[in-house]
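4 protein chains.
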Amino acid sequence: MSEVTPASAAMHQRDQVAKGLQIEIDRAVAGEATASLTVTLEMTNGLGTCHGGIIFSLADTAMGHASNAGDARSLATTASIEWVAAAKQGDRLTATSRTVATRGRNTVHDVDVVNDAGETIAIFRGQTLTLGGSVVDAVGDRPE
Amino acid sequence: MSEVTPASAAMHQRDQVAKGLQIEIDRAVAGEATASLTVTLEMTNGLGTCHGGIIFSLADTAMGHASNAGDARSLATTASIEWVAAAKQGDRLTATSRTVATRGRNTVHDVDVVNDAGETIAIFRGQTLTLGGSVVDAVGDRPE
Amino acid sequence: MSEVTPASAAMHQRDQVAKGLQIEIDRAVAGEATASLTVTLEMTNGLGTCHGGIIFSLADTAMGHASNAGDARSLATTASIEWVAAAKQGDRLTATSRTVATRGRNTVHDVDVVNDAGETIAIFRGQTLTLGGSVVDAVGDRPE
Amino acid sequence: MSEVTPASAAMHQRDQVAKGLQIEIDRAVAGEATASLTVTLEMTNGLGTCHGGIIFSLADTAMGHASNAGDARSLATTASIEWVAAAKQGDRLTATSRTVATRGRNTVHDVDVVNDAGETIAIFRGQTLTLGGSVVDAVGDRPE
């Protein structure tokens, strides 16, 4: 049902952090990706809500898939996040990344993170640098 | 040996993400904190290096302790990160946060993340908003 | 034709920088504003294209009108810009600001700057803090 | 007395915006530069204080000189600013830029803007991309 390119699938297969957070890649094509997770007790901070680093990691993962899905290896260089509302245990968070600008090998992505009710939890803007080479080949090179 | 305020200790005790990542709070006084972790296989991404979200989470944790250590509850509102060099499995990463500006209830913090060799891995700048109230009381209110 | 609130008109009337750059406020209602200027020789930098600070100032002006148009005084606290393409002498640049999130008295705005051909020149994200009080009264207080 | 490289001097000579704002380049060597200006009535905004875009432009100018002073042409790609305190007419503002990280052809710069009393007015972080080629040659190519 969902569309995920082979490069995105290969990358997800090797992403230990995404596994640990049980992130699902709902969709990933060149320049666009959606990733989601459910906030568990393990993702909460000292104040009882979802840790800002988890929300950031989800957004960053969506950007990583958007930028690598076309099978041209890329690397995140910078990102910023605005935490807009708190997320709590049990919330399903969905991050959607889209390309907003390209400048040579640098691409700017905007990512929105929303909860089940469609409320904005965070907005994220990041840049990736295209390195060249294939994602599928790169991850295939490494032994398990 | 290390200096950690009661507010910081109480917060760390409740931070499930810090526990999961085995983050240690090396020092935390009002406005300044140092946190560290060792990059494990579980923290690597699809390209075999430490996930950018983990590095961000470490920096964010250091900022959180710096801003709450004085026992005035605060909340992160925005942050940006520049990933400067890759970190790999086995690296010990240390994030040091210091206050660089205050503007009413908003405080700006700079965090540097370095590896064992003292090389800069990332630089982070974030803002926190002081909410008032005690961190110790706030976390003490919640049942385990 | 264009819709500009009294608060926005009062603010524009007093903005010396907007006058110097001959910025026009094309539209300004609470949360949304459009501002434009034509790049002159005086706006070019040492490399012969429009100075990044001018593009930033145009975007910042649009955000300022969006955040003050509803006549609740506000102040910009932070902003970031991505310069996507060069602008050159003679180009007409248009900046459009829209609110993307609110969090207490902090509002996050996204501003796009495009040229006559509709090409993106820069994207900008900033935050304003609502101070309270009336813009019209505040500027009315001051002698010319 | 002050040290300014030939590349920086050539660039400043052609920078129309710096001329308009009467910015002085106090020092510019590869990776480090200091620029200053005095806030005039023309630099004030609708609320009576120095326009945020002017403060940004000063910081951006300092970064531009730091990144081009070594005579390798570079371009600003992204920047963020935190406005910490207001500046008013008559204030002398000084922006000092230093390199904080390099990553291939991308360089990250931190710029502090202070007033005569040494108070921080703004902090700025930006990135430049080295394009290659000589600044002196590039600006020398163009007719007045």
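Those protein sequences? They're chains X, A, W and R, same order as listed. Residue numbering for the first sequence follows our numbering, starting at 63 and increasing by one per position. Residue numbering for the second sequence follows our numbering, starting at 63 and increasing by one per position. Residue numbering for the third sequence follows our numbering, starting at 63 and increasing by one per position. Residue numbering for the fourth sequence follows our numbering, starting at 63 and increasing by one per position. Note that beta-carbon positions come from the ideal geometry of N, C-alpha and C, so glycine has one too.
Give a yes or no on whether 8 Å exceeds the smallest Cβ distance from residue i to chain X.
{"i": "GLU65/W", "result": "no"}
{"i": "ASN168/A", "result": "no"}
{"i": "THR190/A", "result": "no"}
{"i": "GLY84/A", "result": "It should be pointed out that residue 84/A corresponds to Gln in this sequence rather than to Gly. By this cut-off, GLN84/A is not an interface position."}
{"i": "ASP122/A", "result": "yes"}
Against chain R, with Cβ distances strictly below 8 Å, would residue i count as a contact?
{"i": "VAL91/W", "result": "no"}
{"i": "ARG160/X", "result": "no"}
{"i": "THR182/A", "result": "yes"}
{"i": "ASP174/W", "result": "no"}
{"i": "ALA69/A", "result": "no"}
Given that residue i touches chain A, what residues does it touch there, using C-beta distances under 9 Å?
{"i": "SER142/R", "result": "SER142, ARG187"}
For residue i, which beta-bridge partners are listed by DSSP?
{"i": "GLY188/W", "result": "ALA141/W, HIS171/W"}
{"i": "SER136/X", "result": "THR192/X"}
{"i": "LEU155/R", "result": "LEU99/R"}
{"i": "VAL66/W", "result": "ALA90/W"}
{"i": "VAL176/A", "result": "THR156/A, THR182/A"}
{"i": "ALA72/R", "result": "The partner list for ALA72/R (beta bridge, DSSP) is empty, contrary to what the question assumes."}
Excluding the 5 residues flanking residue i on each side, which residues of the same chain have their C-beta closer than 7 Å to its C-beta?
{"i": "ARG80/X", "result": "Residue 80/X is actually Ala in this sequence, not Arg. Cβ within range, chain order: HIS74, THR123."}
{"i": "VAL66/A", "result": "ILE87, ARG89, ALA90"}
{"i": "GLU181/A", "result": "ALA147"}
{"i": "GLY194/X", "result": "ALA134, ARG135"}
{"i": "GLN151/R", "result": "VAL101, THR102, LEU103, THR106"}
{"i": "THR139/W", "result": "GLN189, THR190, LEU191"}
{"i": "ASN168/X", "result": "GLN189, LEU191"}
{"i": "LEU137/X", "result": "THR190, LEU191, LEU193"}
{"i": "GLU206/A", "result": "Low confidence applies here, because GLU206/A scores a pLDDT of 31, under 50, leaving its location unreliable; read the following figure in that light. No residues qualify anywhere along the chain."}
Could you list which residues in chain W have their beta carbon closer than 8 Å to that of residue i, in chain order?
{"i": "ALA138/R", "result": "GLY114, TRP145"}
Check whether the Cβ of residue i lies closer than 8 Å to any Cβ atom in chain W.
{"i": "ALA163/X", "result": "yes"}
{"i": "GLY202/R", "result": "Model confidence at GLY202/R stands at a pLDDT of 44, short of 50, so the residue's coordinates are unreliable; what they give is reported in the following sentence. Not one chain W Cβ lies under 8 Å of GLY202/R."}
Can you tell me where the alpha helix (DSSP H) holding residue i begins and where it ends?
{"i": "LEU120/X", "result": "114-130"}
{"i": "VAL79/W", "result": "78-82"}
Is there a C-beta anywhere in chain A that falls below 8 Å from the one on residue i?
{"i": "GLU206/W", "result": "Note that GLU206/W has pLDDT 30, beneath the 50 cutoff, so the model's placement of it is unreliable and the number below is only indicative. Not an interface residue."}
{"i": "LEU155/X", "result": "no"}
{"i": "GLY195/W", "result": "no"}
Give the residues of chain X in contact with residue i, contact being defined as C-beta atoms less than 9 Å apart.
{"i": "GLU104/A", "result": "GLN78, VAL79, LYS81, GLY82"}
Can you give me the Cβ contacts of residue i inside the same chain, cut-off strictly under 6 Å, excluding the 5 residues immediately before and after it?
{"i": "ILE116/A", "result": "MET105"}
{"i": "LYS143/A", "result": "Just to set this straight, residue 143/A is Ile in the shown sequence, not Lys. PHE118, ALA184, PHE186, listed in sequence order."}
{"i": "ALA92/X", "result": "ALA131, GLY132"}
{"i": "ASP153/R", "result": "VAL101, ASN177"}
I want to verify the contact list: residues of chain R whose CB lies under 8 Å from the CB of residue i, in sequence order.
{"i": "ASN177/W", "result": "Ordered by position in chain R, no residue passes the 8 Å Cβ test against ASN177/W, which lies about 18 Å from the chain."}
Kindly list, in the order they appear in chain W, the residues whose Cβ is closer than 9 Å to that of residue i.
{"i": "SER119/R", "result": "HIS113, GLY114, GLY115, ILE116, PHE118, SER119"}
If you follow the beta strand (DSSP E) that residue i is part of, which residue opens it and which one closes it?
{"i": "GLU94/X", "result": "94-100"}
{"i": "ASP88/X", "result": "86-91"}
Short of 8 Å in beta carbon distance, which residues of its chain neighbour residue i, apart from the five on each side in sequence? Order them along the chain.
{"i": "MET120/A", "result": "Here the sequence assigns Leu to residue 120/A, which means Met is not the residue at that position. Same-chain partners within the cutoff: LEU83, ILE85, ALA97, SER98, LEU99, LEU155, ALA157, VAL175."}
{"i": "THR111/R", "result": "ALA148, ALA149, LYS150"}
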